[in-house]
Structure formats: C-alpha cells, structure tokens
Amino acid sequence: MEAIANDLLESSEENQEENICQFLTFMMADEEYGVDILAVQEIRGWEEITQIPNSPSYVKGAINLRGTIVPIIDLRARFGLPQVPYSSVTVVIVVKVDLESGDKIMGLVVDAVSDVYSISESDARDVPDVTNTENTEFVHGLVNVGEKMVVLLDLKRVLNLSKEPD
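If you read the sequence shown in the UniProt record's numbering, its first letter stands for residue 1, the second for the next number, and so on.
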C-alpha cells in the first residue's frame, strides 16, 4: 500500500514538473492546428458580421459580443490558404491574448473545431528550418498526437500583435 502511495506521489510531482498544457485543436485545409485553451473565451457558430472598410483581406469584419466589438480574422486568408464557402461546421473561436498594454479579444474563423489535447511542453518540437515554407512565423511548435501532427500556433504573432518577430 505504501509503495502505491509513493508511486502516485512521484507521478503527481512529475506532472507538475512536466508543465502540461491543454490545446484546443481545429481543422483548416485538412491540417490540424492548436491554440492554448487558456486563451479561448468561447466557440461560436458562423454568423453574419459587419464588414470593416479598408481592413486587410483576412479581417472579415466585427461582431458585437455582449457589448464588446470583436474583430473577426479568417485564418485561411491569414495563412494564404485557398478559401472555401462557410458552412454549418464553420466556427469562430473567440480568443483573448494578454499583452503588456492590456488584453486583446479577437475571433478566428476556422473550418471546424476538432478536439482538446493535454500536451507536455517537452513534447513540442521546433519548426524545421525550411526556407520555402510560408507563415512559419505564426507557428509556436509541432507536436505528434497519436498518428497525426498538430501545428501549435503563436496567437500573438497570428494576430500580428508581437512587437517584432524573432
């Protein structure tokens, strides 16, 4: 009995030291992407939005979310992926990014929500150095989950909120 208690205690301490993070994953162009679940405020079905004149092509407009104006970014357009018509599974993931100057709330249009994974920070791998790859500045890392690879996104960079890319 004492041996089982010691094993449980060691396992708990390892998990605390390992720094496990949860990621909400979603699909775009048959690829799975993930964002830190702590940044996710809510997930909404696609709805009509108010367009914002003279905004970048990936900014689709804005919605009123309980009195807060939330800009909506189409991640397919942001990443230069082919556009597809929005459907019944198209969703907007409302995220909050913490900045030194305060919090920024934005909505991300994605093809469909996939799953939530618990991932150890030590499992995340750096993006390979490939000069032809576009938009790798948006990627925080890559992680294998079962037989598939998930691209972990850096929301500050995706939303162009970083002061300077590294």
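Cβ atoms here follow ideal geometry from the backbone N, Cα and C, with glycine treated the same way. Just so we're clear, the structure is a prediction, and the values are computed from it rather than from any experiment.
Taking the Cα positions, H140 is about 26 Å away from S55.
The criterion of a C-beta distance shorter than 8 Å is not satisfied by V116 and L38. Apart from the 5 residues on each side of it in sequence, A124 sits with its Cβ closer than 8 Å to the Cβ of H140, G141, L142, V143, L152 in its chain, given in chain order.
In this model, K104 and S57 are separated by some 20 Å (Cα to Cα).
In this structure, I73 sits near L159, with a CB-CB distance shorter than 8 Å. Straight-line measurement puts the Cα of L155 at about 7 Å from the Cα of V35. Between I119 and F26, the gap from beta carbon to beta carbon reaches 8 Å or more.
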